[in-house]
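Asks: Residue numbers for the sequence shown, in the UniProt record's numbering: 1 to 204.
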Amino acid sequence: MSSTRDENQAARVTRTGVAARACRVKGLILDRDGTLIAHVPYLADPAQVALLPGVHDGLRVALDAGLALFLHSNQSGVGRGYYPLAAVEACNRRMIELLNLGEQPFARICIAPEAPDQPSRYRKPSPAFLREILAEHGWRADELCCIGDRALDLQVAAHTGARAIGVATGLENLQAEMTAAGLQGVFPVFDRFDAAIQHVLSLT
Numbered sequence: 001m002s003s004t005r006d007e008n009q010a011a012r013v014t015r016t017g018v019a020a021r022a023c024r025v026k027g028l029i030l031d032r033d034g035t036l037i038a039h040v041p042y043l044a045d046p047a048q049v050a051l052l053p054g055v056h057d058g059l060r061v062a063l064d065a066g067l068a069l070f071l072h073s074n075q076s077g078v079g080r081g082y083y084p085l086a087a088v089e090a091c092n093r094r095m096i097e098l099l100n101l102g103e104q105p106f107a108r109i110c111i112a113p114e115a116p117d118q119p120s121r122y123r124k125p126s127p128a129f130l131r132e133i134l135a136e137h138g139w140r141a142d143e144l145c146c147i148g149d150r151a152l153d154l155q156v157a158a159h160t161g162a163r164a165i166g167v168a169t170g171l172e173n174l175q176a177e178m179t180a181a182g183l184q185g186v187f188p189v190f191d192r193f194d195a196a197i198q199h200v201l202s203l204t
């Protein structure tokens, strides 16, 4: 039931006109709720979509640096029957409108709509989406960085050797989740998304 979507990444990179970077990271796998937009439980109304502070500027800097952006979001409200997949896609479109970074800033979008008790290939912390990106682009694991507000976002990276950064911008206590998951001190955590992006660009 999981849904993935490819976009014209080459056209987006050409738009930036940015030369190759010293930064080792080539792509970012980004969580949505609590990372890019305010976490509204079981969000289904595009009118409730609101960008978090630093997200627009952070993504603009990432795009200008030539990084590829990938969106990976668990949406169990679909599997629970609360709303259809079309509602998730409508909220994604509204987020992209608010970002105002081009028609489609994401190279690929992966929505995992299953509930936790349903079989799922892509539901985080599954690393399936990340591994598909690596295979498609021929990148090493450490050339991808996962950014999210939940421990499960970081577990995707822990399963594969990819990089990860936490952002304490969601509803849950990220540090407590990381401790429970055995990730305390493994990955850095920032209070703003744009600070996380600056850290990514400093990696060599």
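Even for Gly, the Cβ is constructed at its ideal location relative to N, Cα and C.
Could I get the ranges of all uninterrupted alpha helix (DSSP H) runs contained in the region 134 to 176, with 4 residues as the minimum, in chain order?
Replies: Runs found: 151 to 158.
Asks: What are the start and end residues of the alpha helix (DSSP H) that includes Phe193?
Replies: Where Phe193 is concerned, the enclosing alpha helix (DSSP H) stretches over 193 to 202.
Asks: Please report the Cβ distance between Phe106 and Leu134, rounded to the nearest whole angstrom; I am assuming they are in contact, meaning their Cβ atoms lie under 8 Å.
Replies: Actually they do not touch by this definition, with Cβ atoms about 17 Å apart.
Asks: Between the Cα of Gln198 and those of Ala38, Arg60, Gly185, Pro46, spot the shortest distance and give me the residue it belongs to.
Replies: Checked all of Ala38, Arg60, Gly185, Pro46; the closest Cα to Gln198 is Arg60.
Asks: Where does Arg21 sit, in a helix, a strand or coil, going by DSSP?
Replies: Because the pLDDT at Arg21 is just 48, under 50, the model does not fix this residue reliably, and the value given afterwards should be weighed accordingly. Coil.
Asks: Which of the three DSSP states, helix, strand or coil, is assigned to Asp64?
Replies: Helix.
Asks: Closest to Asp57 by C-alpha separation, out of Cys145, Ala38, Asn100, Arg163, would be which residue?
Replies: Comparing Cα-Cα distances from Asp57 to each of Cys145, Ala38, Asn100, Arg163, the minimum goes to Asn100.
Asks: Return yes when the Cβ of Gly170 is within less than 8 Å of the Cβ of Arg150, no when it is not.
Replies: Contact: yes.
Asks: Spatial neighbours of Arg21 within its chain, please: C-beta separation below 6 Å, excluding the five flanking residues on both sides.
Replies: Caution is warranted here: a pLDDT of 48 is assigned to Arg21, below 50, making its placement in the model unreliable, and the coordinate value is therefore given only provisionally. Result list for Arg21: Ala65, Gly66, in chain order.
Asks: Near Val13, which residues of its chain fall below 7 Å by C-beta distance, leaving aside the five closest residues on each side in sequence?
Replies: Its pLDDT being 35, under 50, Val13 is placed unreliably in this model, and the value from its coordinates should be taken loosely. Closer than 7 Å at the Cβ level, and outside the excluded window around Val13, lie Gly66.
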